[in-house]
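Position 45, counted from 1, in the sequence shown is what numbering that gives the first Met the number 0 calls 44; the numbers after and before it change by one each time, with no gaps. Positions of the beta carbon are idealized from the N, C-alpha and C atoms, including for glycine. Remember, predicted model here, so these are calculated numbers, not experimental data.
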Amino acid sequence: MLSVVKLLLMSLEELFRYNDAIIRSLIIRRENAITEESLLAKSAEEKRARKAQREEAQQAQDSAEA
């Protein structure tokens, strides 16, 4: 049973490696789960925070000029 699962996993890895139609996924073997926020999610959150800061600064500047 274990060898069948291993062969299936190897086959899937091969398909992922050579087939761009499979949404560019990556299979990673790890002993522990990855529980931290992904770099893409961190980047998006940082962008939103910077945008909010710019908007607040612009509103403060507009209020000071009025």
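In whole angstroms, what is the alpha-carbon distance linking residue i and residue j?
i: L14; j: K5; result: 14 Å
i: E12; j: L38; result: 23 Å
i: S2; j: S42; result: 40 Å
i: A51; j: L7; result: 47 Å
i: R53; j: A40; result: 20 Å
i: N36; j: K46; result: Inspection of the sequence shows that residue 36 is occupied by Glu rather than by Asn. Their backbone Cα atoms lie some 15 Å apart in a straight line.
i: A56; j: E30; result: 46 Å
How would you write the range of the alpha helix (DSSP H) that residue i sits in, first residue to last?
i: R47; result: 38-64
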